[in-house]
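Undergrad: Quick one: the structure is below, questions incoming.
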Amino acid sequence: QQIKVGLMNDLFTRGIGPNDNLRPPREQAPELYQETPIGCIPKEWKFKPLEYGLSASPKNGFSPKELESWQDLYVLGLSCLTRNGFEPLQLKNAPKNALLSGAKLEDGDFLISRSNTQELVGLCGIYRDVGYDAIYPDLMMRLRFNHNLVDVFIEKYLLSKAARQRISAIAVGTSGSMVKINSTTLKALKVIYPKPDEQIAIVDRLRPIEKQIRCLEIQLSKLIKIRSGTMLDLLTGKVPVKANPLEAAHV
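Under the working numbering, the residues of the sequence shown are numbered 6 to 256, in order.
Right under this line is the structure:
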């Protein structure tokens, strides 16, 4: 994860040059960079409000009353937006008539949470079909992008450490636990705008390490389950523990 954080910092401050490699650091080639309120970025990039990359204003979802019974419709919970993007971790039963709310999701929709704790507000992700109709809740916004932004790129950027800190800083609220960002604040948030082909190149550079991290996380999860199962078997006596003869002789 630390390697990924370092790579993301390099990619979002230096980008990919014409030779398909990271641009030289500013210390080595200051003529390639420009100063911005968030630090130096390549001269070719733009630093503009997120609104510059939107084709429409962010739209809030709809939060119906959760049902105990299944009516062929899900509403996403906030936990579906994670530090790694969209994951279908919290799908709630919703009434079928909630489809009339205009919050029905399509595969590829871009979502961002507008209310959560200070650490989690503004998490975003690209929705992937869950096999049934689904809507997004009032505590999320759906974003539509124009030709200036590639959705996968802006997802990675908004989930980067530096961007997360900036989003957390603009969130407000009277509650000690829950804060919010609104459409106006989000549209005013300034982000980087490499050319679309460079945005794609940056995402492609991140994919191998993300895949490796995901494989390691799966392996770690399996090992933890095996360890927990083994400890339970030992503690409940399902697996007998043989005493060491040398230790037994001293008892």
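We put the beta carbon where it would ideally sit given N, CA and C, even for glycine.
For clarity, every value in this text was computed on a predicted model and none was experimentally measured.
E160 and I21 - do their beta-carbons sit closer together than 8 Å?
TA: Looking up residue 21 in the sequence shown gives position 16. Looking up residue 160 in the sequence shown gives position 155. Against a cut-off of 8 Å, the Cβ pair of E160 and I21 comes out as no contact.
Undergrad: What do you reckon, are the CB atoms on F115 and G58 nearer than 8 Å?
TA: Translated into the one-based positions of the sequence shown, residue 115 becomes position 110. Translated into the one-based positions of the sequence shown, residue 58 becomes position 53. No, the pair does not count as a contact, with Cβ atoms beyond the cut-off.
Undergrad: Would you mind reading off the limits of the alpha helix (DSSP H) that contains Q123?
TA: For the purposes of this step, residue 123 is taken as residue 118 along the sequence shown, with counting starting at 1. Counting along the chain, Q123 falls outside any alpha helix (DSSP H), and DSSP gives it neither H nor E.
Undergrad: Excluding sequence positions up to five away, which residues of its chain have a Cβ less than 8 Å from the Cβ of W162?
TA: Position 157 of the sequence shown holds residue 162. Rather than Trp, the amino acid found at residue 162 in this sequence is Tyr. Around Y162: F17, A168, V196 and I197.
Undergrad: Could I get the ranges of all uninterrupted beta strand (DSSP E) runs contained in the segment 133-196, with 3 residues as the minimum, in chain order?
TA: List check, beta strand (DSSP E) in window: 138-140 and 145-148.
Undergrad: Give the DSSP bridge partners of P54, in chain order.
TA: As a working note, residue 54 is residue 49 in the sequence shown. Bridge partners of P54: K195.
Undergrad: On a CA-only basis, which of N65, P29, P42 and V80 is nearest G136? Give me that one, please.
TA: Here residue 136 refers to the residue found at position 131 of the sequence shown. Among N65, P29, P42 and V80, the Cα nearest to that of G136 belongs to V80.
Undergrad: Taking D134 as the reference, which of I207, G113 and G127 has the closest Cα?
TA: Numbered from 1 along the sequence shown, position 129 holds the residue referred to as residue 134. The option with the nearest alpha carbon to D134 is G113.
Undergrad: What is the residue span of the beta strand (DSSP E) that K97 lies within?
TA: Against the sequence shown, residue 97 aligns to sequence position 92. L96 to N98 is the span of the beta strand (DSSP E), which, as asked, contains K97.
Undergrad: Between the Cα of G44 and the Cα atoms of I172, D15, L104 and S180, which residue gives the shortest distance?
TA: Taking the first residue of the sequence shown as 1, we reach residue 44 at position 39. Taking only the C-alpha atoms, the option nearest G44 is D15.
Undergrad: Shortest alpha-carbon distance to R212 belongs to which of P199, V157, T241 and V184?
TA: Taking the first residue of the sequence shown as position 1, residue 212 is located at position 207. Comparing Cα positions, the closest option is V157.
Undergrad: Is it true that the segment 59-71 meets the segment 94-110, where meeting means three or more beta-carbon pairs spaced less than 8 Å apart?
TA: Yes: at least three Cβ pairs fall under 8 Å.
Undergrad: Between the C-alpha atoms of G90 and L128, what's the straight-line distance to the nearest angstrom?
TA: Start at 1 with the first residue of the sequence shown, and residue 90 comes out as number 85. Start at 1 with the first residue of the sequence shown, and residue 128 comes out as number 123. Each residue's alpha carbon lies about 7 Å from the other.
Undergrad: In the structure shown, what three-state DSSP assignment does I46 receive?
TA: Taking the first residue of the sequence shown as 1, we reach residue 46 at position 41. Reduced to three states, the DSSP call for I46 is strand.
Undergrad: Looking at the structure shown, is E40 part of a helix, part of a strand, or coil, going by DSSP?
TA: Position 35 of the sequence shown, counted from the start, is the residue given in the question as residue 40. Correct three-state label for E40: strand.
Undergrad: Taking all protein chains shown into account, do 16 or more other C-beta atoms lie within 10 angstroms of the C-beta of S182, making it buried, or fewer, making it exposed?
TA: Locating residue 182 in the sequence shown gives position 177, where the first residue counts as 1. Classification for S182: exposed.
Undergrad: Please name the residue, chosen from T87, R232 and W75, that lies closest to N102 on a Cα-to-Cα basis.
TA: What you label residue 102 is simply residue 97 of the sequence shown in a count that begins at 1. Here the closest residue by C-alpha is W75.
Undergrad: What distance in whole Å lies between the Cβ atoms of P63 and R147, which are believed to be in contact at a cut-off of 8 Å?
TA: Numbered from its first residue, the sequence shown carries residue 147 at position 142. Numbered from its first residue, the sequence shown carries residue 63 at position 58. Sure, about 7 Å apart at Cβ, within 8 Å.
Undergrad: Can you give me the C-alpha to C-alpha distance between D77 and M145, rounded to a whole angstrom?
TA: What you label residue 77 is simply residue 72 of the sequence shown in a count that begins at 1. What you label residue 145 is simply residue 140 of the sequence shown in a count that begins at 1. Roughly 21 Å separates the two Cα atoms.
Undergrad: In whole angstroms, what is the alpha-carbon distance linking S60 and L194?
TA: Start at 1 with the first residue of the sequence shown, and residue 60 comes out as number 55. Start at 1 with the first residue of the sequence shown, and residue 194 comes out as number 189. When rounded, the distance between both Cα atoms is 16 Å.
Undergrad: Please classify G130 as buried or exposed, where buried requires at least 16 other C-beta atoms within 10 Å of its C-beta.
TA: Residue mapping note: residue 130 aligns to position 125 of the sequence shown, counting from 1. The residue is buried, with at least 16 neighbouring Cβ atoms inside 10 Å.
Undergrad: Could you work out which residue in Y132, Y38, I172 and P47 is closest to G82 when comparing CA atoms only?
TA: Within the sequence shown, residue 82 is the residue found at index 77, counting from 1. If we check each option's Cα against that of G82, Y132 comes out closest.
Undergrad: For K53, which residues in the same chain have their Cβ closer than 8 Å to its Cβ, ignoring the five residues on either side in sequence?
TA: Within the sequence shown, residue 53 is the residue found at index 48, counting from 1. The residues are K195, V196 and Y198.
Undergrad: Determine the closest residue to S180 out of Q95, G11 and N121, with distance taken between C-alpha atoms.
TA: Mapped onto the sequence shown, residue 180 falls at position 175. Checked all of Q95, G11 and N121; the closest Cα to S180 is N121.
Undergrad: Return the residue from the list V184, N26, I172 and R19 that minimises the CA-CA distance to L55.
TA: Stepping through the sequence shown from its first residue, residue 55 is reached at position 50. Closest by alpha carbon: I172.
Undergrad: Out of T87, L125, E49 and L72, which one is the CA nearest neighbour of P100?
TA: Numbered from its first residue, the sequence shown carries residue 100 at position 95. It is L72.
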